[in-house]
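Chemist:
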Amino acid sequence: MADVFENFITQHEKLIYNIAWRIMGNTEDAKDISQEVIIKIYRNFDTGLRAEHAKAWVARITHNACMDELRRRKGKITESLDVPLDDDGPQRQFSDPSDGPEALLLRKELSGMIGDGLAKLSEEHRALVVLRDVQGMTYEEIAEIAEIPIGTVKSRISRGRGQLKKILIGMMEQK
Numbered sequence: 001m002a003d004v005f006e007n008f009i010t011q012h013e014k015l016i017y018n019i020a021w022r023i024m025g026n027t028e029d030a031k032d033i034s035q036e037v038i039i040k041i042y043r044n045f046d047t048g049l050r051a052e053h054a055k056a057w058v059a060r061i062t063h064n065a066c067m068d069e070l071r072r073r074k075g076k077i078t079e080s081l082d083v084p085l086d087d088d089g090p091q092r093q094f095s096d097p098s099d100g101p102e103a104l105l106l107r108k109e110l111s112g113m114i115g116d117g118l119a120k121l122s123e124e125h126r127a128l129v130v131l132r133d134v135q136g137m138t139y140e141e142i143a144e145i146a147e148i149p150i151g152t153v154k155s156r157i158s159r160g161r162g163q164l165k166k167i168l169i170g171m172m173e174q175k
């Protein structure tokens, strides 16, 4: 069972971290949430889990852990003293050899702006936009993960995208 669990976590650790980082907005919180999620998966791990449901199950646990943590923090502003203020988040392991330094710089700047924009969205909109547009999940998977009707998922994603667009336009106008 230990080998099965280890293989399962190895297959899903990037998904867990990426969802946590996008929802929580910083590396330290994403690491903490990822550890919590792995512990929750271990406690509820069933070797009979079907592979086609694994991604949605892991995403639901990660989403719920993030939302629980955000609810606990509601109204509290905290900043880590250990993390530099210009935290860039997850880095690509392999750079694209066809892109030059200018393209990489523009992509990094755009990614930072999108991350800042996502951070300004409400928690419910941010989480759903991340699951759909960053993780590429279907509306059905997101509805299952968030445990809300598919119509609600679609409307919240649409509103979230609209808000994100306004935020990004405002950021561009400030430059």
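Once you know that position 154 of the sequence shown is 154 in our numbering, the rest is easy, because the numbers rise by one and skip nothing. Here a beta-carbon is modelled for each residue, glycine too, at the ideal position from N, C-alpha and C.
At the level of alpha carbons, what is the spacing between ILE145 and VAL4?
Modeler: Start at 1 with the first residue of the sequence shown, and residue 145 comes out as number 145. Start at 1 with the first residue of the sequence shown, and residue 4 comes out as number 4. Approximately 23 angstroms between the Cα atoms of the pair.
Chemist: Just to confirm my understanding: we take MET171, look at its own chain, exclude 5 residues before and 5 after, and list those with CB closer than 8 angstroms. What are they?
Modeler: Working through the sequence shown from its first residue, we reach residue 171 at position 171. Around MET171: MET113, ASP116, GLY117.
Chemist: Please classify LEU121: does DSSP put it in a helix, a strand, or coil?
Modeler: Counting from one through the sequence shown, the residue named residue 121 turns up at place 121. It is coil, neither helix nor strand.
Chemist: Should SER34 be labelled buried (16 or more other beta-carbon atoms within 10 Å of its own) or exposed?
Modeler: Here residue 34 refers to the residue found at position 34 when the sequence shown is read from its first residue. When all chains shown are included, SER34 counts as buried.
Chemist: First and last residue of the alpha helix (DSSP H) that includes GLU13?
Modeler: Start at 1 with the first residue of the sequence shown, and residue 13 comes out as number 13. Its alpha helix (DSSP H) spans residues 2-24.
Chemist: Here's the rule: buried if 16 or more other CB atoms are within 10 angstroms of the residue's CB, otherwise exposed. What is GLY106?
Modeler: Numbered from its first residue, the sequence shown carries residue 106 at position 106. Going by the sequence as given, residue 106 is Leu instead of Gly. With fewer than 16 Cβ atoms within 10 Å of its Cβ, LEU106 is classed as exposed.
Chemist: Between which residues of its own chain and VAL129 is the CB-CB distance below 8 angstroms, once the five residues before and five after are set aside?
Modeler: Your numbering for residue 129 matches position 129 in the sequence shown. LEU118, LEU121, ILE157, GLY160, ARG161, LEU164.
Chemist: Tell me which residue opens and which closes the alpha helix (DSSP H) that ARG73 is part of.
Modeler: For the purposes of this step, residue 73 is taken as the residue at position 73 of the sequence shown. Its alpha helix (DSSP H) spans residues 51-73.
Chemist: Would you mind stating whether THR62 and ILE9 have Cβ atoms separated by less than 7 angstroms?
Modeler: Within the sequence shown, residue 62 is the residue found at index 62, counting from 1. Within the sequence shown, residue 9 is the residue found at index 9, counting from 1. No, these two residues do not count as a Cβ contact at 7 angstroms.
Chemist: ARG73: buried (16+ other C-beta within 10 angstroms of its C-beta) or exposed?
Modeler: Residue 73 sits at position 73 when you count from the first residue of the sequence shown. Classification of ARG73: exposed, given that the 10 Å Cβ count is below 16.
Chemist: Expressed to the nearest angstrom, what Euclidean distance is found between the alpha-carbon atoms of LEU70 and ASN18?
Modeler: For the purposes of this step, residue 70 is taken as residue 70 along the sequence shown, with counting starting at 1. For the purposes of this step, residue 18 is taken as residue 18 along the sequence shown, with counting starting at 1. Going from the Cα of LEU70 to the Cα of ASN18 covers about 16 angstroms.
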